[in-house]
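Enquirer: To start, I am sharing the structure in question, which I have written as C-alpha cells.
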Amino acid sequence: MGKPGWARNHQGLLLLTSVLLAVLAGLTFVLAGGREQAAPGGTTTSAPPQTASASPTATAVPRSDPVLIELPKIRAKSTLVPLGLNKDNTLQVPPVSRPMQAGWFSEGVSPGEIGPAVIAGHVDGNKQPGIFCRLKEMQAGDHVVISRADGLVLTFVVTRVMQVDKDEFPTDAVYGDTSDPQLRLITCGGSFDRTVRSYRDNIIVFAALQQGQ
C-alpha cells in the first residue's frame, strides 16, 4: 500500500502481497458472517470524487487520543474507541453489536498530528443503521469535529468524498504521506452482495485540519 507516514512502524504494519492487505492498512470493510473486517484495496474510484479547493496548511498539534467525533451535516455523533490490527494484519473494527460506535486507528497518528488519522464506523450492523449510515451524504466543505483527551476541539474541513470498489481501493491516497494534519473517515457502501455477504464499495471522506487551529 505504499508507506504511510502515520505508521509508527510501517514496515511491520504493511504486508505486501499481490493484493495489499489492510479501515486501517488498506482499509476496506467486508461484511462476512455478520461482522465487518478490513480487506484488500486498489486505486480507482467507482464514482467521481467531490473536491474542495486547497487551503493554507494548518498547524499540527501534539499527540492526544481523540474521544469524540461529530458530523453536524449528517447529525452523527459518537465516542471513539481505539482500534488496532488483527493477527492477519487486518483492521479491528467496533463491535457489530454496537453499530453506532466509531473507532480510530490508535497505531497511527492522532487527529491533529501530521499525517492521515483514520476513523472507521459501520454503515449498519445488528439489523440497525450504523454511525456512518449517511456518510455518503457528506460533501466538500462540510465539517468534522474531533474532541481530544487534552481538551482541544479540532475542526476538519471535508476536501473530497469518494465511493470506490473494494477491489480498487485508493491505498496511497488514503494512507500515503501528507505534509499537514488530515483525516479519513471510512465505511461500507454501494450494493450488498448477498452471495459473499459483503458491501461492494467503500465510502471514503477526506478532510484537512481547518486553518487557524
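Using the UniProt record's numbering, you'd call the opening residue of the sequence shown number 1 and step up by one each time.
Glycine is no exception: its CB is placed at the ideal position from the N, C-alpha and C atoms.
Predicted, not measured: the structure shown is a model, and the values here were computed from it.
(1) Distance, Cα to Cα, residue 162 vs residue 203?
(2) Quick check on residue 142: does DSSP put it in helix, strand or coil?
(3) Using the three-state DSSP reduction, which class does residue 165 fall into: helix, strand or coil?
(4) Taking all protein chains shown into account, do 16 or more other C-beta atoms lie within 10 angstroms of the C-beta of residue 205, making it buried, or fewer, making it exposed?
(5) Would you say residue 67 and residue 148 are within 9 Å of each other, going by their C-beta atoms?
(6) Can you confirm whether the stretch 101-108 touches the stretch 68-88 when touching is taken to mean that 3 or more C-beta pairs between the two stretches lie within less than 8 Å?
(7) Can you find the residues in the same chain that come closer than 8 Å, C-beta to C-beta, to residue 193, ignoring five residues on each side of it along the sequence?
(8) Using the Cα positions of residue 111 and residue 166, report the straight-line distance between them to the nearest angstrom.
(9) What three-state label does DSSP hand residue 70 in the structure shown?
(10) Once the 5 residues before and after residue 187 are set aside, which same chain residues still bring their CB inside 6 Å of it?
(11) Over what stretch of residues does the beta strand (DSSP E) that includes residue 201 continue unbroken?
(12) Between the alpha carbons of residue 73 and residue 157, how many angstroms are there, rounded?
(13) Please name the residue, chosen from 164, 87 and 93, that lies closest to residue 191 on a Cα-to-Cα basis.
(14) Considering only DSSP beta bridges, list what residue 173 is partnered with.
Expert: Inspection of the coordinates gives the following:
(1) Position 162 of the sequence shown, counted from the start, is the residue given in the question as residue 162. Position 203 of the sequence shown, counted from the start, is the residue given in the question as residue 203. Cα to Cα, residue 162 sits roughly 6 Å from residue 203.
(2) In the sequence shown, counting from the first residue as 1, residue 142 sits at position 142. Coil, per DSSP.
(3) Locating residue 165 in the sequence shown gives position 165, counting from the first residue. Looking at residue 165 - three-state DSSP - the assignment turns out to be strand.
(4) Position 205 of the sequence shown, counted from the start, is the residue given in the question as residue 205. Per the 10 Å Cβ criterion, buried.
(5) Residue numbering aside, residue 67 sits at position 67 when the sequence shown is read from its first letter. Residue numbering aside, residue 148 sits at position 148 when the sequence shown is read from its first letter. Yes, Cβ-Cβ distance for residue 67 and residue 148 is below 9 Å.
(6) yes
(7) Within the sequence shown, the letter at position 193 stands for residue 193. Excluding residues within five positions, the ones whose Cβ falls inside 8 Å are 199 and 200.
(8) Numbered from its first residue, the sequence shown carries residue 111 at position 111. Numbered from its first residue, the sequence shown carries residue 166 at position 166. Going from the Cα of residue 111 to the Cα of residue 166 covers about 25 Å.
(9) Residue mapping note: residue 70 aligns to position 70 of the sequence shown, counting from 1. Of the three classes helix, strand and coil, the one that applies to residue 70 here is strand, per DSSP.
(10) Against the sequence shown, residue 187 aligns to sequence position 187. These residues qualify, in order along the chain: 121, 123, 132, 135 and 203.
(11) Reading the sequence shown from its first residue, position 201 is the one you call residue 201. Element bounds for residue 201: 198-209.
(12) Your numbering for residue 73 matches position 73 in the sequence shown. Your numbering for residue 157 matches position 157 in the sequence shown. About 12 Å.
(13) Looking up residue 191 in the sequence shown gives position 191. Cα-wise, what sits closest to residue 191 is 164.
(14) Residue 173 sits at position 173 when you count from the first residue of the sequence shown. Note: residue 173 sits in no beta bridge, so no partner.
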